[in-house]
Amino acid sequence: MKILLLGGQGQLATDLAAELRARGHELHIRSHAELDIGNAREVAAQVSACQPACVINAAAFTQVEQCEAEPERAYAVNAVGASNVANAAQASGARCVYFSTDYVFGGPRGQPWRETDTPQPLNQYGKSKLAGEAMAAVNPRHFILRVSGLYGLAGSRGKGGNFVEAMLRRAQSGEPIAVVNDQILAPTYTAHLAPAVADLIVTSQYGLYHLSAAGECSWFEFARELFRQAKLEPQLRPVSSTEYGSPVRRPAYSVLDNTKYLGLGLTPIPDWRRGLSDYLALRRNRGTGTPCGS
Ligand SMILES: NC(=O)c1ccc[n+]([C@@H]2O[C@H](COP(=O)([O-])OP(=O)(O)OC[C@H]3O[C@@H](n4cnc5c(N)ncnc54)[C@H](OP(=O)(O)O)[C@@H]3O)[C@@H](O)[C@H]2O)c1
């Protein structure tokens, strides 16, 4: 399939590009510098010139704190950008893919969220991504894929790395580490997510899907498991979100139920612990980043 991938230097886009190439798709990639999705005319021109069968919008303004401070910019990229891409794709007869987030949810919950549950975003990032979902849906041939807690070897462009690397760096520095224990999610390794996305977007089962690693944990439990696997023993302690003191509200429980995706008979995304072990193994093989313990 001829695929145009936007936001092509991002964390997820990097692993997605590798997966799509390995499957033999004809891939055309645009970085932010090559195409700003906020520029409707330029998006329309480049999509029309490329004539892809599928446009993947992996571009986003992902810094949650900054979105709170700059909501106009969050909407310009995450919502208006989504509209520009979906409309351009539709005009060229292409399907479109939009990545959304577990942060569209915010209410109290004790079990994983389904696609039919009502979103209630708590912050500007979540609100702008929910608006983006509505914009992407103007193209009837859309895949809107809610994902959560991404980490990949490329690191988040927006956030300047990922949670795993940040934890490993702090452990190496010897500083005590406090991690929130009251935000439960399913952190997802982008190299595990990419095959699921690649499987799904070639089908004609358009719509909204939840795609995340199996299982669930708090950020504290995720960090503790990381250090166990990496054989590091930093001073790690759980804290509440209130004690941590972020200025932005985040959902207490944002685990996504993948039943709809699994119902298509496609390959499940591995458990979050397996995500960590595969990530650490790949990073060891590549000799990347901060060393782990021996
Ligand atoms: N990271 C997570 O934990 C997480 C969780 C849930 C959902 N998601 C969603 O998953 C998707 C991928 O996230 P990610 O972690 O791969 O993010 P990322 O690494 O920050 O990548 C986003 C990319 O978008 C580009 N970009 C920003 N503004 C743009 C614009 N106006 N036009 C074109 N490109 C633009 C960035 O380029 P520059 O850096 O050069 O500006 C960057 O390459 C996003 O839709 C995000 O909302 C992420």
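Quick note, the sequence shown lines up with residues 497 to 790 if you use this note's numbering. Where a beta carbon is used, it is the ideal one built from N, C-alpha and C, also for glycine.
Where does residue i sit, in a helix, a strand or coil, going by DSSP?
{"i": "residue 498", "result": "strand"}
{"i": "residue 790", "result": "Caution is warranted here: a pLDDT of 39 is assigned to residue 790, below 50, making its placement in the model unreliable, and no coordinate value can be reported."}
{"i": "residue 695", "result": "helix"}
{"i": "residue 774", "result": "helix"}
{"i": "residue 657", "result": "strand"}
{"i": "residue 669", "result": "helix"}
{"i": "residue 746", "result": "coil"}
{"i": "residue 684", "result": "strand"}
{"i": "residue 618", "result": "coil"}
{"i": "residue 626", "result": "helix"}
{"i": "residue 562", "result": "helix"}
{"i": "residue 543", "result": "helix"}
List the residues that DSSP assigns as beta-bridge partners of residue i.
{"i": "residue 596", "result": "642"}
{"i": "residue 508", "result": "Answer is none; residue 508 lacks a bridge partner."}
{"i": "residue 652", "result": "657"}
{"i": "residue 768", "result": "Residue 768 pairs with nothing; no bridge assigned."}
{"i": "residue 591", "result": "550"}
{"i": "residue 752", "result": "609"}
{"i": "residue 647", "result": "685"}
Going by DSSP, what residue range makes up the beta strand (DSSP E) through residue i?
{"i": "residue 676", "result": "673-676"}
{"i": "residue 734", "result": "732-735"}
Starting from residue i, follow the alpha helix (DSSP H) in both directions and report where the run begins and ends.
{"i": "residue 553", "result": "Segment 550-553 is the beta strand (DSSP E) holding residue 553; no alpha helix (DSSP H) there."}
{"i": "residue 581", "result": "577-587"}
{"i": "residue 569", "result": "567-571"}
{"i": "residue 758", "result": "755-758"}
Within 8 Å of any Cβ in chain C, is that where the Cβ of residue i sits?
{"i": "residue 752", "result": "Reference to chain C is not applicable here, since this structure consists of a single protein chain."}
Taking only runs that begin and end inside the region 510-541, name each unbroken beta strand (DSSP E) of 3 or more residues, in chain order.
Taking only runs of at least 3 residues, the beta strand (DSSP E) segments lying wholly in the region 510-541 are 522-526.
Per the contact definition of three or more C-beta pairs closer than 8 Å, is the region 579-598 in contact with the region 617-637?
yes
Whether or not the region 755-769 and the region 710-719 are in contact is what I'm after, with contact meaning three or more pairs of Cβ atoms, one per stretch, closer than 8 Å; do they touch?
yes
Cβ pair count under 8 Å reaching 3, the region 605-624 against the region 559-571:
yes
Every unbroken alpha helix (DSSP H) within the region 693-727, with a cutoff of 4 residues, ordered by chain
715-726
Taking 8 Å as the cut-off, does the region 500-512 touch the region 682-690 (at least 3 CB pairs, one atom from each stretch)?
Remark: three or more beta-carbon pairs, one from each stretch, lie closer than 8 Å, so the region 682-690 and the region 500-512 are flagged as touching.
Taking three-plus beta-carbon pairs below 8 Å as touching, is the region 566-575 in contact with the region 670-680?
no
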